[in-house]
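S.K.: For reference, the structure I am asking about is given below.
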Amino acid sequence: MQLEQEILRSDIDRTTGARNRLAVRLRSLRKTFGGQEVLKDVNADIARGEVVLLRGQNGAGKTTLLNILTGNLAPDAGTVEFSTNGAALAFSFPPPIWSRITPWGRFSPETLSRHGIGRTWQDTRLFKTQSLSDNIAVASPRLIGEIPHVAVANPLRVRREEKQLQTVVARVLDKLGLGEVASSPADSVSLAKTKLVAIARALQAGAEVLCLDEPLAGLDSTDVGSVLGVLRQLAETSVFTLVIVEHDFNIPRILDLVTTVWTLDKGRLKIEKPADIKAWFHAPCVEELPRWARLVIGDVDVITVPLGSGAVLHRVRSKRRANITDAPVLEVEDLVVHRGYRSVACNGRDEALRGMSFELQRGDLGIIEAPNGWGKTALLETIAGVTTAKEGSLKLLGLPLNGQSPWNRRRSGITLLQARDSSFSSLTVRDSLHLAGVAYVQDDLRALASRSVSSLSGGEKQRLAFTCACDGQSYDLALLDEPFTGLDDKSISGICKRLSAHLGNAAALVAVPSLA
Amino acid sequence: MNYACHLLVYLSIYTIVAQSLNLVVGYCGLISLCHAGYFAIGSYAYAIASKAGYGFVTASALGVSVGLILSLAVSLPAWMFKGDFFLLISLAVQIAIADVISNWVYPTAEPGTLRNLTNGPYGIAAIPRPHWLGHRADTMVSMAILALATAGLCMLITFLLVRSPWGRLLKCIRDDELASRGLGKPVRYTKLQAFAVSCGMAALAGSLYASYVGYIDPSSASLDNSLLMLSMVLVGGTGNFQGPVVGAATLLAFPEILRLLHIPAAAAANLRLMAYGLLLILLVHLRPQGIAGERQA
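Those sequence lines, one after another, are chains V and L. So the first sequence is residues 29 to 544, counted in our numbering. So the second sequence is residues 39 to 335, counted in our numbering.
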């Protein structure tokens, strides 16, 4: 393995100009999961300072390729070469058996990170019990305080080093506008702030090539602006090489930063220019109503109700049903939603207007559009009974829901699709569908029936979660928390079609981040 | 006075044990059930060395060294296993240590020799009191001072470690191992260090125990003892400095309270176990972070 690395290293060194500017070179990469070939003969180069957009349908292998680029997953065959931090490093696959049992020079996240390859995760993966400043400080390489005998024998030196480090970190956090929350634990700040800290943390670890997994996912328009601002600064320096995985919905927002587009289709990588794909994308959705809502209902009447603190409820109804007055499916009166001890999802400034009231009839699609941290998830979970409502009343088809357990509410006709991954990872797809009582399975999921849920891609898991929540037992009210997260356009259309069919006899309440 | 000194010695020994176990349970996030095994390894190493004529410092250093080296038995599996699997491995290590101690016996050989290293179920008796530089800890007061000084040293080392970037790194590994690896941190090596420090300190506590009690047998390596040590950490509160001290003091206070109530010894042993169980159940419901643990958000 080492010999092969040396040969590949000298190969890179011998090459001229353009090659020397290469940061990453991938050759003939192949990866198979359970007989399914996810990557087929992938070849690509990334030059220093390049901004690569990695896109593809759900299950196309985007995360797999990103995991290979960052050492989290070894390919079955091919070579991966890096020329970062002033040195070259190369790996060929499959590696010889002896190299797998020695701890040196292995293809691993730590080896690649020390060589200047960093990454951020879709769910940020900050150290939740640590403050934001410690999350960045811990990423610093070669800290003497991390050597236990030095920490014991020379505490003053360690303290001096730590003081200097905290000054640097405080400056970084100030630049990101996070100076005031520097000492807050990572699990108590908003998603956007954690995404910014995740980027800063990877850079603090010495990343020259930074792989970002859906950096804009789940952010509202204000937060998207702040994360994009940081990415733009990194791109403009030409020092950093960025590989960004993003879903179709957010691609128009970052397209002007991108210099190269990698499109994964059925395991093959196609390299394009940003201009080639521009026409495929609409401008970001800034109209009052999300685009998918029209796919669900068609020609609509919309009543928009402000809910306070920047949130609105769009009550969307088909024009054909506009004059039909039906008994309400869901009645919410003066409801105050709590997250822990704090009341959320309300206009906190005005005590008199704290509780929210609204109702939904059959065929209604309620869309709660609110900034992150407003309490959308808490509201849906309160209606579903996962969280207890301390004030206000809830009625389903005229019957009170207060005090009922979540399972009784499910039996009464409420179904909940949670935003976070709440699938049973140890079950197969078939077992999950069986457990949810799904009688008819769509073709796309039928093909995955024997696969374990843990082996599915993010989009496939989301499709399964939607099917389990909405295609199993019948319901009168569907509560859908960010149902389109991680889905491509085709999957979104499919889900909208199915939701549209269900809305004949039911109502749906969908929570999405603010888009305008 | 002697009674107070006796309590101080026991509190010092179990404070070292709980502090060291907290490094693994609280800072690495790995529940370990083999700590009594390392405690016994330190006891036996000390007993054999001190009977061979070595002083407290040398004999304890031997105990700590053996504990450090044998910590690999549990720290190497910790590279790959977490949660329930690691718990089972630590249980296997505990049983292996207890079995080796119980069975390394040969009737005609002297205890402490290679053929009869531990003297099996008969244990090793007449372990000399600690002596160093011409001093001998013959009185209860001198023994209490030695125990307090040793515990103070261990607490200082633990304090410096957990407040250093090394302690921060341990907590980060506990929170998210993959993210730590993605930052280039030597996760496996750091776990190895944590186990070495933890097992070494447990062995030191074992040395202190053997030197104080003067007799050591396989019961010190029992699973019950490991569970008691783990309970001390959980009751006091994991992942902080003061928790293990509070946990050790709380669980050591129980048998003493029963003694003061003049409950017969046979009944007191059962009552003590019931009280421990009740305390753990109450804590899980009322204060899951432990008595001195930090409040959860």
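Ideal placement from N, C-alpha and C gives every residue a C-beta, glycine not left out.
Hey, does GLN158 (chain V) have any beta-carbon neighbour from chain L nearer than 9 Å?
M.R.: True, the Cβ-Cβ gap to chain L drops below 9 Å.
S.K.: So ILE175 (chain V) is in the beta strand (DSSP E); what residue range does that whole segment cover?
M.R.: That residue, ILE175 (chain V), is in no beta strand (DSSP E); it is neither H nor E in DSSP.
S.K.: Skipping 5 residues on each side, what residues in its chain have a beta carbon closer than 7 Å to that of GLU190 (chain V)?
M.R.: The residues are GLY173.
S.K.: Inspect the beta-carbon positions of PRO243 (chain V) and ILE272 (chain V) and report whether they are closer than 9 Å.
M.R.: The answer is yes: Cβ separation under 9 Å.
S.K.: So, does the CB of ARG142 (chain V) fall closer than 9 Å to a CB anywhere in chain L?
M.R.: Closer than 9 Å: yes.
S.K.: Any idea what DSSP makes of TYR49 (chain V), helix, strand or coil?
M.R.: Note on identity: in this sequence residue 49 (chain V) is Arg, with Tyr being the wrong assignment. Reduced to three states, the DSSP call for ARG49 (chain V) is coil.
S.K.: Taking only beta-carbon atoms, is ASP137 (chain L) less than 9 Å away from chain V?
M.R.: It does not: the Cβ of ASP137 (chain L) has no partner Cβ on chain V nearer than 9 Å.
S.K.: Indicate whether at least one CB of chain V lies closer than 9 Å to the CB of LEU216 (chain L).
M.R.: Yes, LEU216 (chain L) lies at the interface with chain V (some Cβ there is under 9 Å from its Cβ).
S.K.: Closer than 9 Å, CB to CB, is ARG147 (chain V) near chain L or not?
M.R.: Taking Cβ atoms only, chain L reaches closer than 9 Å to ARG147 (chain V), which makes this a yes.
S.K.: I need the DSSP call for ALA263 (chain V), collapsed to helix, strand or coil.
M.R.: In this structure, ALA263 (chain V) counts as helix in the three-state DSSP scheme.
S.K.: Here's the rule I'm using: 16 or more other beta-carbon atoms within 10 Å means buried, otherwise exposed. How should MET39 (chain L) be labelled?
M.R.: The residue in question, MET39 (chain L), is exposed, as its Cβ has fewer than 16 Cβ neighbours within 10 Å.
S.K.: Quick one: Cα of ARG367 (chain V) to Cα of LYS423 (chain V), how far?
M.R.: Their backbone Cα atoms lie some 21 Å apart in a straight line.
S.K.: Hey, could you find the ends of the beta strand (DSSP E) ASN436 (chain V) is sitting in?
M.R.: Element bounds for ASN436 (chain V): not the beta strand (DSSP E) but the alpha helix (DSSP H), 434–440.
S.K.: Which residue's Cα is closest to the Cα of SER519 (chain V): V:ASP504, V:LEU492 and V:CYS496?
M.R.: Selected option, being the one with the closest Cα: V:LEU492.
S.K.: For the region 175–251 of chain V, which segments carrying the beta strand (DSSP E) assignment without a break, of at least 3 residues, lie completely within its bounds, in sequence order?
M.R.: Segments of the beta strand (DSSP E) lying fully in the region 175–251 of chain V: 237–241.
S.K.: Using CA atoms only, rank isn't needed, just tell me which of V:GLY486, V:THR456, V:ALA497 and V:VAL466 is closest to ARG479 (chain V).
M.R.: Ranking V:GLY486, V:THR456, V:ALA497 and V:VAL466 by Cα distance to ARG479 (chain V) puts V:THR456 first.
S.K.: Mind listing, in chain order, the continuous alpha helix (DSSP H) runs of no fewer than 4 residues lying wholly within the region 378–438 of chain V?
M.R.: The qualifying runs are 404–412.
S.K.: Using 9 Å as the threshold, is the C-beta distance between THR156 (chain L) and VAL138 (chain L) below it?
M.R.: The answer is yes: Cβ separation under 9 Å.
S.K.: Is it true that the CB of LEU461 (chain V) sits closer than 9 Å to the CB of CYS498 (chain V)?
M.R.: Not closer than 9 Å, so no.
S.K.: Just checking: is the beta-carbon of THR98 (chain V) within a distance shorter than 9 Å of some beta-carbon in chain L?
M.R.: Closer than 9 Å: yes.
S.K.: Under 7 Å, CB to CB, which of the residues in the region 182–210 of chain L have a partner in chain V?
M.R.: Flagged, chain order: ILE195, LEU198, LEU199, SER202, PRO203, TRP204, ARG206, LEU207, LYS209 and CYS210.
S.K.: Please compile the residues from chain V whose C-beta is within a distance smaller than 8 Å of the C-beta of ASP213 (chain L).
M.R.: PHE155, LYS156, THR157 and GLN158, listed in chain order.
S.K.: Among L:ALA163, L:ALA217 and L:SER113, which has the Cα closest to the Cα of ALA230 (chain V)?
M.R.: Of the candidates L:ALA163, L:ALA217 and L:SER113, the one whose C-alpha sits nearest the C-alpha of ALA230 (chain V) is L:ALA217.
S.K.: Considering GLY220 (chain L), what are the terminal residues of the alpha helix (DSSP H) in which it resides?
M.R.: First-last of the alpha helix (DSSP H) with GLY220 (chain L): 215–220.
S.K.: Considering GLN64 (chain V), what are the terminal residues of the beta strand (DSSP E) in which it resides?
M.R.: First-last of the beta strand (DSSP E) with GLN64 (chain V): 64–75.
S.K.: Taking beta-carbon pairs under 7 Å, can you tell me which members of the region 294–327 of chain L lie near chain V?
M.R.: Answer set for the region 294–327 of chain L: empty.
S.K.: Are the CB atoms of THR92 (chain V) and LYS59 (chain V) nearer to each other than 9 Å?
M.R.: Yes, these two residues count as a Cβ contact at 9 Å.
S.K.: Using a Cβ-Cβ cutoff of less than 7 Å, which residues in the same chain neighbour ASN533 (chain V) once the five nearest sequence positions on both sides are dropped?
M.R.: Once the five neighbours on either side are set aside, the close Cβ partners of ASN533 (chain V) are ARG390.
S.K.: Smallest Cα separation from LEU230 (chain L): which of L:HIS173, L:LEU191 and L:PRO115?
M.R.: Comparing Cα positions, the closest option is L:PRO115.
S.K.: Since ALA75 (chain V) contacts ALA51 (chain V) with CB under 8 Å, what's their CB separation in whole angstroms?
M.R.: Going by Cβ atoms, the distance from ALA75 (chain V) to ALA51 (chain V) rounds to 6 Å, so yes, they are a contact pair.
S.K.: Should ILE125 (chain V) be labelled buried (16 or more other beta-carbon atoms within 10 Å of its own) or exposed?
M.R.: By the neighbour-count rule (16 or more Cβ atoms within 10 Å), ILE125 (chain V) is not buried but exposed.
S.K.: Under 9 Å between C-beta atoms, does ILE175 (chain V) make it to chain L?
M.R.: Judged by the 9 Å Cβ criterion, ILE175 (chain V) is in contact with chain L.
S.K.: Taking Cβ positions only, does VAL225 (chain L) come closer than 9 Å to chain V?
M.R.: At least one chain V Cβ lies under 9 Å of VAL225 (chain L).
S.K.: Does any residue of chain V have a CB that is nearer than 9 Å to the CB of TYR48 (chain L)?
M.R.: No, no contact with chain V.
S.K.: On a CA-only basis, which of V:LEU358, V:LEU240, V:ALA535 and V:ARG439 is nearest LEU81 (chain V)? Give me that one, please.
M.R.: Of the listed residues, the one whose Cα sits closest to LEU81 (chain V) is V:LEU240.
S.K.: Whole angstroms are fine: how far does the CA of TYR468 (chain V) sit from the CA of GLN490 (chain V)?
M.R.: Rounded to whole angstroms, GLN490 (chain V) to TYR468 (chain V) spans 17 Å at the Cα level.
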